[in-house]
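Engineer: Handing you this structure, nothing more for now.
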Amino acid sequence: MAHLRGSLRCCRTVGLLVEYGKLPTQVSGVDGILSSVYTINPSREYVSKDFGKRAWSSASWDPSVSGEGRYERMSDVPPEGIVTVRDPITFKDNWHAGMSLKEAVDSRNKEDTFGLYVDLPKRAGNVVAEATASFYHHPELTRANIRQFDYGCKGAMQEFNATGQHMCMYRPCLDELYSAALDEGNKGSRVDIVLDGWKGSGKTVALYSLAALAREKGWVVMFVPSASLLVQGGMFKRKDENEAVWYTPQAAHHILRAVFEPHAEYLEKLSSLDGRRSLGDVCRHGLETKDDFERVDAAIEVMRGLLRADGEHGIRTLVIVDEYNYLYHRTEYHETMHQFHRRRIEPRELKLASAFMLSEQDREAGIVATACTHGGPISPRVHVPIHSESRIIRVPRFSLEEVSNMCSMMVSKKLVPELPPDDSLRRALALTNGNGKEIREGRTTLFQKDCGMALSFGRKNTSKSNF
Numbered sequence: 101m102a103h104l105r106g107s108l109r110c111c112r113t114v115g116l117l118v119e120y121g122k123l124p125t126q127v128s129g130v131d132g133i134l135s136s137v138y139t140i141n142p143s144r145e146y147v148s149k150d151f152g153k154r155a156w157s158s159a160s161w162d163p164s165v166s167g168e169g170r171y172e173r174m175s176d177v178p179p180e181g182i183v184t185v186r187d188p189i190t191f192k193d194n195w196h197a198g199m200s201l202k203e204a205v206d207s208r209n210k211e212d213t214f215g216l217y218v219d220l221p222k223r224a225g226n227v228v229a230e231a232t233a234s235f236y237h238h239p240e241l242t243r244a245n246i247r248q249f250d251y252g253c254k255g256a257m258q259e260f261n262a263t264g265q266h267m268c269m270y271r272p273c274l275d276e277l278y279s280a281a282l283d284e285g286n287k288g289s290r291v292d293i294v295l296d297g298w299k300g301s302g303k304t305v306a307l308y309s310l311a312a313l314a315r316e317k318g319w320v321v322m323f324v325p326s327a328s329l330l331v332q333g334g335m336f337k338r339k340d341e342n343e344a345v346w347y348t349p350q351a352a353h354h355i356l357r358a359v360f361e362p363h364a365e366y367l368e369k370l371s372s373l374d375g376r377r378s379l380g381d382v383c384r385h386g387l388e389t390k391d392d393f394e395r396v397d398a399a400i401e402v403m404r405g406l407l408r409a410d411g412e413h414g415i416r417t418l419v420i421v422d423e424y425n426y427l428y429h430r431t432e433y434h435e436t437m438h439q440f441h442r443r444r445i446e447p448r449e450l451k452l453a454s455a456f457m458l459s460e461q462d463r464e465a466g467i468v469a470t471a472c473t474h475g476g477p478i479s480p481r482v483h484v485p486i487h488s489e490s491r492i493i494r495v496p497r498f499s500l501e502e503v504s505n506m507c508s509m510m511v512s513k514k515l516v517p518e519l520p521p522d523d524s525l526r527r528a529l530a531l532t533n534g535n536g537k538e539i540r541e542g543r544t545t546l547f548q549k550d551c552g553m554a555l556s557f558g559r560k561n562t563s564k565s566n567f
C-alpha cells in the first residue's frame, strides 16, 4: 500500500491495520492519520510493542528506528497533531462564543474565541443570497422539477441546513483572512489573497463568512460562490462565425443581479470605467437589456470598475471567487465542427470567464480573494497561475480540540445523541483526517460509543477491539 489518505474510504484498511498490529513500512501523504492511530492505546503514555517506534520525517514514516519486544516512550512523536494530547479531551459546554462574527473580529481578546462558534449576520441568507442554490434556479423550471445547476456555496449551505443556524467556527486562519482582506491600509492598492487547504478544511465557509462580514461592514462585494458558473450551464453564443470569443449571458445576469440587489445605493456613487455614468447605471442596463452581448460586457465593466474604484467616496470594494480552478479546467460547451465532430470550447475563449482570471491580469488596485476546490471533476494536475505578490493563507484541517467543539455543538443540536468517549473522538479525527465534511456526514457512525466502525466490519465484541 503506497498511499493511505485520511478519509472514510480507507476506514476498512485502517481498521485491519490496527486490529492485527501492523503498519506499512512507509506511507506517503498521510498528513497525520497514522500518528492518530499510533496513539490509540489505554495508557496514552507508551506505544505498544506491536507497532514499534517510528521516527517522523516530513510526510513519511521511517521504520529505521524501531523498538521491538518492549514498550517505547513517545519522545520522538511529531510535535504537532493529536499525538501530543496525552490526556483525555475535555468537552466544553460553551462551544459558542456568545457573540457575532463582527464582534469576535473587533474583540481585543479574539484568541479566546478561536475554536468556538460565532453567529453570522442574522440576515445572512439575504446578505449573501447568491450563496444559495435557489438564487440561480428559474421558478418555472423548478415547478417542472427540471434539474438545474447549483452554483452556490454547497459546503456552507449543507452545514447551515444541518445545524439550522447561520454560524461558523472562528479559527486563526479565518482571522488571518479577515485581517488581510479588510485592512484599511489596503485602500487603493492591489491585494491578491489565495486560500490553500485540503478538501473539507473549510475554505468555502471562510469565503462565505468573509463576504457576509464585508457586507455587514458596508463593503461592496462581488461574490462568485463557484467559478463553475462561468464555464457551464446556460446559453453560449458569439456575434458571428468569424469571431473567436464566446458570450455567456445567463452567467452575466446572475453576477449583475448578485452585486446590484444588495449594493444598488453604493453603486450609484461609483463611476464607471469611462467616467460618464455610474456603476449602478451599468448594472441596471445589463439587467434590463435584451442584447446578450451587452449584458456580458456590462458584467465585465462592473467587475473591473469595482476593483478600480476601491476607496472612492470612502466605499471599499471586494471581489471573491471560490472554486477558482474551474477557470483553468474545461468548459461544458462544444462547437460543432461537422456532423461527426464537436470541439470543446476552452475557458479562455469565453469572454466572461477570461475576464475573471484575475490572478494573471495586470491591475493597479483592487482586493481579490480566491480559493481552489480539490476533488470532484477537476484534475489535481490543472495549473492555476498565482500572482507573484499573492498572499497565501493556509487553511488547516480541523484539530482535535476543534472536532471536540464541533461534537459538542452537534450534541446540543441533537445531531449526535451524546458526547462520545475519548477513543471515539480520536478515532473520528484519525479516520477523517480532520475533514469537516466527512465528520458532519459520518457523525452517526463516527461518534458511536460502541464503535460503529468495528460493528460495520462484522465484529460482535467491540470492547476488545483496538479499532
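For the sequence shown, the tail end lands on 567 under this note's numbering, and the numbers increase by one without skipping.
All residues carry an ideal CB built from backbone N, CA and C; glycine is no exception.
1. Would you list the one or two residues that DSSP bridges to Trp298?
2. Just to confirm the assignment: which complete beta strand (DSSP E) runs, minimum length 3, are found wholly within the segment 298-356?
3. In three-state terms, what does DSSP make of Thr389?
4. So, does the segment 410-424 touch the segment 307-326, judging by three or more C-beta pairs under 8 angstroms?
5. Between Met457 and Asp392, what straight-line distance do the alpha-carbon atoms span, to the nearest angstrom?
6. Tell me the DSSP secondary structure of Phe547 in three-state form.
7. For Pro447, count neighbouring Cβ atoms within 10 angstroms of its own Cβ and tell me buried if that reaches 16, exposed if not.
8. For Ser488, count neighbouring C-beta atoms within 10 Å of its own C-beta (all shown protein chains included) and say buried if the count is 16 or more, exposed if not.
9. Taking 9 angstroms as the cut-off, decide whether the C-beta atoms of Leu373 and Gly405 are in contact.
10. Answer yes or no: do Leu277 and Ile492 have a C-beta to C-beta separation smaller than 9 angstroms?
11. Excluding five sequence neighbours on each side, which residues of the same chain lie with their C-beta closer than 8 angstroms to the C-beta of Gln350?
12. Given 8 angstroms as the limit, is there contact between the segment 293-311 and the segment 436-455, that is, 3 or more CB pairs closer than that?
13. Under the three-state reduction of DSSP, which class applies to Val382: helix, strand or coil?
14. For the structure I just gave you, are there three or more beta carbon pairs, one from the segment 251-266 and one from the segment 377-386, closer than 8 angstroms?
15. Taking Ser459 as the reference, give the member of Ser479, His434, Tyr428 with the closest Cα.
16. According to DSSP, Gly466 sits in a beta bridge with which residue or residues?
17. If you check the beta carbons only, do Thr473 and Lys303 fall under 9 angstroms apart?
18. Within its chain, find whatever has a CB closer than 7 angstroms to the CB of Arg543; leave out the 5 residues flanking it on each side and keep chain order.
19. Quick check: what's the CA-CA separation for His353 versus Asn535?
20. Would you say the segment 497-504 touches the segment 244-251, given that touching needs at least three Cβ pairs under 8 angstroms?
21. Counting only runs of 4+ residues fully inside the segment 217-265, write out the alpha helix (DSSP H) ranges in chain order.
22. Which of the three DSSP states, helix, strand or coil, is assigned to Leu418?
23. Rounded to a whole number of angstroms, what is the C-alpha to C-alpha distance between Glu284 and Val402?
24. Alpha carbon to alpha carbon, what distance is there between Val484 and Ala469?
25. Which stretch, first to last residue, makes up the alpha helix (DSSP H) that contains Gly536?
26. Assign Pro272 to buried or exposed, taking buried as 16 or more other Cβ atoms, counted over all protein chains shown, within 10 Å of its Cβ.
27. With distances taken Cα to Cα, identify the nearest neighbour of Pro362 among Glu449, Ala409, Glu464, Ala314.
28. What beta strand (DSSP E) runs, 3 residues minimum, are completely inside the segment 460-515?
29. Am I right that Leu452 and Leu367 are in contact with their C-beta atoms under 8 angstroms? What's the rounded C-beta distance?
30. Should Tyr428 be flagged as near chain D, meaning a C-beta pair shorter than 9 angstroms?
31. Please classify Leu370: does DSSP put it in a helix, a strand, or coil?
32. For Ser524, is the classification buried or exposed, using 16 other Cβ atoms within 10 angstroms of its Cβ as the cut-off for buried?
33. In whole angstroms, give me the CA-to-CA distance for Phe214 and Ala233.
34. For Asn342, is the classification buried or exposed, using 16 other Cβ atoms within 10 angstroms of its Cβ as the cut-off for buried?
35. Tell me whether Pro239 is buried or exposed, calling it buried when 16 or more other Cβ atoms sit within 10 Å of its Cβ.
36. Tell me the rounded alpha-carbon separation between Gly414 and Val320.
Structural biologist: This is what the structure gives:
1. Translated into positions along the sequence shown, residue 298 becomes position 198. None; Trp298 has no bridge partner.
2. 320-324
3. In the sequence shown, the residue the question calls residue 389 occupies position 289. Looking at Thr389 - three-state DSSP - the assignment turns out to be coil, as it is neither helix nor strand.
4. yes
5. Mapped onto the sequence shown, residue 457 falls at position 357. Mapped onto the sequence shown, residue 392 falls at position 292. In a straight line, the C-alpha of Met457 is about 21 angstroms away from that of Asp392.
6. Counting from 1 along the sequence shown, the entry for residue 547 is found at position 447. Of the three classes helix, strand and coil, the one that applies to Phe547 here is coil, per DSSP.
7. On the sequence shown, residue 447 is found 347 positions in, with the first residue counted as 1. Buried is the call here.
8. On the sequence shown, position 388 is the one that residue 488 refers to. Label assigned to Ser488: exposed.
9. On the sequence shown, residue 373 is found 273 positions in, with the first residue counted as 1. On the sequence shown, residue 405 is found 305 positions in, with the first residue counted as 1. Going by C-beta atoms, Leu373 is nearer than 9 angstroms to Gly405.
10. Looking up residue 277 in the sequence shown gives position 177. Looking up residue 492 in the sequence shown gives position 392. For Leu277 and Ile492, no; Cβs fall outside 9 angstroms.
11. As a working mapping, residue 350 is identified with position 250 in the sequence shown. So the qualifying residues of the chain are Gly333, Gly334, Met335.
12. no
13. By one-based count along the sequence shown, residue 382 stands at place 282. It is helical.
14. no
15. By one-based count along the sequence shown, residue 459 stands at place 359. Ranking the options by Cα distance to Ser459, first place goes to Tyr428.
16. Walking along the sequence shown from the start, residue 466 turns up at place 366. Bridge partners of Gly466: Arg290.
17. Taking the first residue of the sequence shown as position 1, residue 473 is located at position 373. Taking the first residue of the sequence shown as position 1, residue 303 is located at position 203. Result yes, Cβ atoms of Thr473 and Lys303 sit closer than 9 angstroms.
18. The sequence position of residue 543 within the sequence shown is 443, counting from 1. For Arg543, where only same-chain residues beyond five positions count, the Cβ hits under 7 angstroms are Met510, Leu515, Val516.
19. On the sequence shown, position 253 is the one that residue 353 refers to. On the sequence shown, position 435 is the one that residue 535 refers to. Their Cα atoms are separated by approximately 35 angstroms.
20. no
21. 224-227, 239-243, 254-263
22. On the sequence shown, residue 418 is found 318 positions in, with the first residue counted as 1. The answer is strand: DSSP assigns Leu418 an E or B state.
23. Position 184 of the sequence shown, counting from 1, holds the residue named residue 284. Position 302 of the sequence shown, counting from 1, holds the residue named residue 402. Approximately 22 angstroms between the Cα atoms of the pair.
24. Counting from one through the sequence shown, the residue named residue 469 turns up at place 369. Counting from one through the sequence shown, the residue named residue 484 turns up at place 384. Roughly 14 angstroms between the two C-alpha positions.
25. For the purposes of this step, residue 536 is taken as the residue at position 436 of the sequence shown. Residues 536-541.
26. Taking the first residue of the sequence shown as position 1, residue 272 is located at position 172. So Pro272 ends up on the exposed side.
27. Stepping through the sequence shown from its first residue, residue 362 is reached at position 262. Out of Glu449, Ala409, Glu464, Ala314, Ala314 has the C-alpha closest to the C-alpha of Pro362.
28. 466-471, 491-494
29. Within the sequence shown, the letter at position 352 stands for residue 452. Within the sequence shown, the letter at position 267 stands for residue 367. 19 angstroms between Cβ atoms; not a contact.
30. Looking at the structure shown, chain D is missing, and only one protein chain is on hand.
31. For the purposes of this step, residue 370 is taken as the residue at position 270 of the sequence shown. Correct three-state label for Leu370: coil.
32. Your numbering for residue 524 matches position 424 in the sequence shown. Classification for Ser524: buried.
33. Stepping through the sequence shown from its first residue, residue 214 is reached at position 114. Stepping through the sequence shown from its first residue, residue 233 is reached at position 133. If you take the alpha carbons of Phe214 and Ala233, they lie about 30 angstroms apart.
34. The residue you call residue 342 lines up with position 242 of the sequence shown. Flag for Asn342 reads exposed.
35. Taking the sequence shown and counting its residues from 1, the one referred to as residue 239 is at position 139. Pro239 comes out exposed.
36. Within the sequence shown, residue 414 is the residue found at index 314, counting from 1. Within the sequence shown, residue 320 is the residue found at index 220, counting from 1. Going from the Cα of Gly414 to the Cα of Val320 covers about 11 angstroms.
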